[in-house]
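Worksheet for the structure shown next.
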Amino acid sequence: MKNLGEYLSPEYSWWMLADYNMIALNPEINPTAENIRIIFLCNSCNEYHVVELSDVKLHHDGDYDFCCLESTAVGDYEDYISPGDVPMRLVKIFKEASASFEKNYYENDAD
14 MKNLGEYLSP EYSWWMLADY NMIALNPEIN PTAENIRIIF LCNSCNEYHV VELSDVKLHH
74 DGDYDFCCLE STAVGDYEDY ISPGDVPMRL VKIFKEASAS FEKNYYENDA D
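In terms of this note's numbering, the sequence shown opens at residue 14 and continues consecutively.
Listed below in structure tokens is the structure:
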């Protein structure tokens with residue numbers, strides 16, 4: 014039997030989002046903003062999605078939202094991770110990318 018990480022392309026730094034935590038599936042790969050791929054279970058379509066860092070959305074409370082790729086409704090998300098729960102290896106990458114994340118809220122929702 015093989016682990017999931019053994020099936021994934023070694024050119025990417027693979028992470029699994031589960032229970033509001035992120036787990037490295039191939040910890041030997043150094044993560045960068047360009048090579049991070051995050052797998053999460055979508056409760057809307059009951060499928061696993063793979064997103065790049067640029068697909069992550071920013072919630073008004075600072076959380077990082079992971080959304081169904083089929084849904085474009087602002088405010089909808091399938092899973093999230095709080096900034097304090099981002100793995101240490103990814104903190105700097107997420108902070109630097111936060112400014113370019115699409116907002117997952119309307120400006121008046123942030124009040």
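Virtual Cβ for every residue (Gly too), placed ideally from N, Cα, C.
Inter-residue spacing [alpha-carbon to alpha-carbon] between residue i and residue j
i      : j      : result
Leu54  : Val63  : 9 Å
Asp98  : Gly75  : 12 Å
Arg50  : Trp28  : 6 Å
Asn48  : Glu24  : 7 Å
Leu17  : Asn39  : 9 Å
Glu81  : Val69  : Note on identity: in this sequence residue 81 is Cys, with Glu being the wrong assignment. Distance between the alpha carbons of Cys81 and Val69 is about 11 Å.
Ala86  : Cys58  : 15 Å
Glu61  : Met35  : The amino acid at residue 61 is misidentified as Glu; the sequence shows Tyr. Computed Cα separation, rounded: 15 Å.
Gly88  : Asn121 : 12 Å
Ser22  : Glu115 : 27 Å
Glu41  : Ala31  : 20 Å
Ser113 : Arg102 : 19 Å
Coarse secondary structure for residue i, derived from DSSP in three states
i      : result
Lys70  : strand
Asp76  : coil
Lys108 : helix
Asp89  : coil
Glu115 : strand
Asn34  : strand
Same chain only: Cβ atoms within 7 Å of residue i, ignoring 5 sequence neighbours per side
i     : result
His72 : Asp78, Tyr93, Asn117 and Tyr118
Asn56 : Glu91
Close beta carbons around residue i, own chain, < 8 Å, minus the five adjacent residues each side
i     : result
Ala46 : Leu66, Ile106, Glu109 and Ala110
Asn43 : Ser26
Glu83 : Ser57 and Cys58
Per DSSP, the bridge partner or partners of residue i
i     : result
Ser26 : Ile49
Tyr61 : Leu54
Own chain, CB closer than 6 Å to residue i, minus 5 neighbours either side, in chain order
i      : result
Pro136 : Because the chain spans 14 through 124 in this model, residue 136 falls outside it and cannot be assessed.
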